[in-house]
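Q: Residue numbers (this note's numbering), protein chains in the order written: chain P, 104 to 258; chain H, 104 to 258.
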DNA sequence: GCAATCCGGACCAAATCAGTACCCTTTAAG
DNA sequence: CTTAAAGGGTACTGATTTGGTCCGGATTGC
Ligand code: FES
Ligand code: FES
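1. Inspect the beta-carbon positions of residue 185 (chain P) and residue 151 (chain P) and report whether they are closer than 8 Å.
2. Can you find a C-beta in chain P that's less than 8 Å from the C-beta of residue 179 (chain H)?
3. Within 8 Å, do at least three Cβ pairs link the segment 160–172 of chain P to the segment 126–136 of chain P?
4. In chain order, what are the residue ranges of uninterrupted beta strand (DSSP E) at least 3 long that sit wholly in the segment 138–186 of chain H?
5. Roughly how many angstroms lie between the CA atoms of residue 145 (chain H) and residue 163 (chain P), to the nearest whole one?
6. Measuring CA to CA, which of H:235, H:190, H:236, H:233 is closest to residue 217 (chain H)?
7. Can you tell me the Cα-Cα spacing of residue 110 (chain P) and residue 115 (chain H), whole angstroms?
8. Hey, out of H:106, H:174, H:222, H:221, whose CA is closest to residue 117 (chain H)'s CA?
9. So which of P:126, P:177, P:130, P:124 has the shortest CA-CA distance to residue 155 (chain P)?
10. Can you name the residues of chain P whose CB is closer than 9 Å to the CB of residue 225 (chain H)?
11. Let me know if residue 228 (chain H) comes out buried or exposed under the rule of 16 or more other beta-carbons within 10 Å of its beta-carbon.
12. Looking only at C-alpha atoms, which of P:126, P:225, P:147 sits nearest to residue 181 (chain P)?
13. In its own chain, which residues sit with a C-beta less than 8 Å from the C-beta of residue 148 (chain H), not counting the 5 before and 5 after it?
14. Apart from the five residues on each side of it in sequence, which residues of its chain come closer than 7 Å, Cβ to Cβ, to residue 120 (chain P)?
15. For the candidate residues H:236, H:235, H:183, H:234, whose alpha-carbon lies nearest to that of residue 106 (chain H)?
16. For residue 236 (chain P) versus residue 214 (chain H), is the C-beta distance shorter than 8 Å?
17. Is the Cβ of residue 236 (chain H) closer than 8 Å to any Cβ of chain P?
18. Which of helix, strand or coil does DSSP assign to residue 133 (chain P)?
19. With 16 as the cutoff for other CB atoms within 10 Å, does residue 159 (chain P) come out buried or exposed?
20. How many Å lie between residue 261 (chain P) and residue 234 (chain P) at the Cα?
21. Got a sec: is the Cβ-Cβ distance from residue 193 (chain P) to anything in chain H below 8 Å?
22. Quick one: which residues of the segment 163–179 of chain P get their C-beta closer than 7 Å to a C-beta of chain H? List them in chain order.
23. Any Cβ of chain H within less than 8 Å of the Cβ of residue 263 (chain P)?
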């Protein structure tokens with residue numbers, strides 16, 4: 104299974120929790136209470152998100168975090184990049200020499216970039232606003248990725 | 104970084120090495136020599152691929168492995184599924200109750216399926232034949248995923 | 001000044017993964 | 001029939017990554 108780190112999952116939970124509140128700033132502790140996640144973990148996530156510019160932080164006595172942009176201007180790719188680092192599936196990515204142990208023998212160094220690009224594009228097609236929609240049983244896909252004709256659901 | 108397991112990377116290396124040989128069966132040891140990977144690891148990979156029907160194996164004295172299908176009839180999603188298991192980015196996928204610890208509080212259970220579908224579609228758009236192409240500096244994307252307007256290359 | 005809040009990093013335990021080894025079954029060659 | 005060569009399966013171990021926690025310091029409002 105291509106594991107997305109659990110922290111990234113939590114990040115989406117926290118961010119959607121912020122959407123549902125009013126526009127005011129949210130403190131890390133209040134978000135932890137509303138999401139049921141441990142407070143230090145929430146704090147860690149918020150810090151990572153703020154570092155990448157997805158959150159606007161305000162220090163001091165009445166400080167807190169706010170979303171830096173509108174929910175539909177934030178996509179899943181950005182959240183993943185903030186928590187897990189750049190989106191690259193393999194070690195043999197473009198700029199890293201010597202990362203892959205067999206690169207001297209492997210004639211296909213760099214072709215994973217095509218895969219990376221495809222995945223990245225798919226992730227950019229899903230916004231935070233999409234994730235925040237309460238539930239949608241129908242596969243209407245109003246603004247998701249261009250819906251390849253997925254061969255089967257269970258691959 | 105969304106890590107794809109290193110074994111999956113190796114699987115593509117091994118499979119492309121098979122393409123470049125003649126049509127005859129390849130033994131695990133000969134493939135290990137040609138790819139520079141340790142023999143037990145190659146054997147393990149081949150076993151996994153054979154179990155999922157991507158390889159045709161022949162036992163006995165003159166046995167070996169062959170590709171079960173043409174290179175352009177095998178896509179990256181299938182290889183990943185064979186090595187890493189089903190493609191699902193998060194623990195909170197459709198059929199797993201209790202997998203995610205916060206599911207009772209999280210109102211968005213199941214929305215990750217949209218992301219999963221998008222990624223899966225992107226992966227299905229890249230075939231093994233694409234990966235075997237010696238090198239392609241141009242982003243023509245002859246048969247890759249429908250190319251969303253990627254915002255930037257460095258996300 | 002004081003209290004509340006964010007900031008940055010270090011730290012540890014648990015889970016996962018890569019790699020290896022072992023033994024069994026199957027098949028073809030001699 | 002016997003033997004050797006190859007895949008099939010499983011179990012084990014060390015290394016790596018991850019999730020989660022903690023603490024001291026900086027910043028702002030009351
Ligand atoms: S360089 Fe890593 S797979 Fe070839
Ligand atoms: S159920 Fe897992 S994120 Fe909500």
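No residue lacks a Cβ here, since even glycine has one placed at the ideal position from N, Cα and C. Keep in mind that this is a model prediction, so the values were computed, not measured.
A: If we stick to the structure as given:
1. By one-based count along the first chain, residue 185 (chain P) stands at place 82. By one-based count along the first chain, residue 151 (chain P) stands at place 48. Yes, these two residues count as a Cβ contact at 8 Å.
2. As a working mapping, residue 179 (chain H) is identified with position 76 in the second chain. The beta carbon of residue 179 (chain H) sits closer than 8 Å to some beta carbon of chain P.
3. By the C-beta criterion, the segment 126–136 of chain P is judged to be in contact with the segment 160–172 of chain P, since at least 3 inter-stretch pairs fall below 8 Å.
4. DSSP runs (the beta strand (DSSP E)) wholly in the segment 138–186 of chain H: 158–161, 167–170.
5. Counting from 1 along the second chain, the entry for residue 145 (chain H) is found at position 42. Counting from 1 along the first chain, the entry for residue 163 (chain P) is found at position 60. Going from the Cα of residue 145 (chain H) to the Cα of residue 163 (chain P) covers about 57 Å.
6. Start at 1 with the first residue of the second chain, and residue 217 (chain H) comes out as number 114. Residue 217 (chain H) has its Cα closest to that of H:190, out of H:235, H:190, H:236, H:233.
7. Along the first chain, one-based indexing puts residue 110 (chain P) at 7. Along the second chain, one-based indexing puts residue 115 (chain H) at 12. Going by the C-alpha atoms only, they are around 29 Å apart.
8. Along the second chain, read from residue 1 onward, the residue named residue 117 (chain H) stands at position 14. Taking the Cα of residue 117 (chain H) as reference, the smallest distance to any Cα among H:106, H:174, H:222, H:221 is reached at H:174.
9. As a working mapping, residue 155 (chain P) is identified with position 52 in the first chain. Ranked by Cα distance from residue 155 (chain P), the options P:126, P:177, P:130, P:124 are led by P:177.
10. As a position in the second chain, residue 225 (chain H) is number 122, starting the count at 1. Listed by position along chain P, the residues whose Cβ is nearer than 9 Å to that of residue 225 (chain H) are 218, 220, 221, 222, 223, 224, 225, 226, 248, 251.
11. The residue given as residue 228 (chain H) occupies position 125 in the second chain. Looking at its Cβ environment, which holds 16 or more other Cβ atoms inside 10 Å, residue 228 (chain H) is buried.
12. What you label residue 181 (chain P) is simply residue 78 of the first chain in a count that begins at 1. For the set P:126, P:225, P:147, the Cα lying nearest the Cα of residue 181 (chain P) is the one of P:225.
13. Numbered from 1 along the second chain, position 45 holds the residue referred to as residue 148 (chain H). Short of 8 Å from the beta carbon of residue 148 (chain H), and not among the five residues preceding or following it, lie these beta carbons of its own chain, in chain order: 110, 113, 114, 117, 186.
14. Taking the first residue of the first chain as position 1, residue 120 (chain P) is located at position 17. So the list reads 134, 137, 138, once near-sequence residues are dropped.
15. Locating residue 106 (chain H) in the second chain gives position 3, where the first residue counts as 1. Taking only the C-alpha atoms, the option nearest residue 106 (chain H) is H:183.
16. In the first chain, residue 236 (chain P) corresponds to position 133, counting from 1. In the second chain, residue 214 (chain H) corresponds to position 111, counting from 1. A contact, by the Cβ cut-off of 8 Å.
17. Within the second chain, residue 236 (chain H) is the residue found at index 133, counting from 1. For residue 236 (chain H), the closest Cβ of chain P is nearer than 8 Å.
18. Counted from its first residue, the first chain places residue 133 (chain P) at position 30. When secondary structure is reduced to three states using DSSP, residue 133 (chain P) falls in the helix class.
19. Taking the first residue of the first chain as 1, we reach residue 159 (chain P) at position 56. Answer is exposed; the Cβ neighbour count stays below 16.
20. In the structure as shown, chain P begins at 104 and stops at 258. Residue 261 (chain P) is therefore absent and cannot be evaluated.
21. Position 90 of the first chain, counted from the first residue, corresponds to residue 193 (chain P). Cβ-Cβ to chain H under 8 Å: yes for residue 193 (chain P).
22. 179: these are the residues of the segment 163–179 of chain P whose beta carbon lies less than 7 Å from some beta carbon of chain H, given in chain order.
23. A query on residue 263 (chain P) cannot be resolved here, the shown segment of chain P reaching from 104 to 258 and no further.
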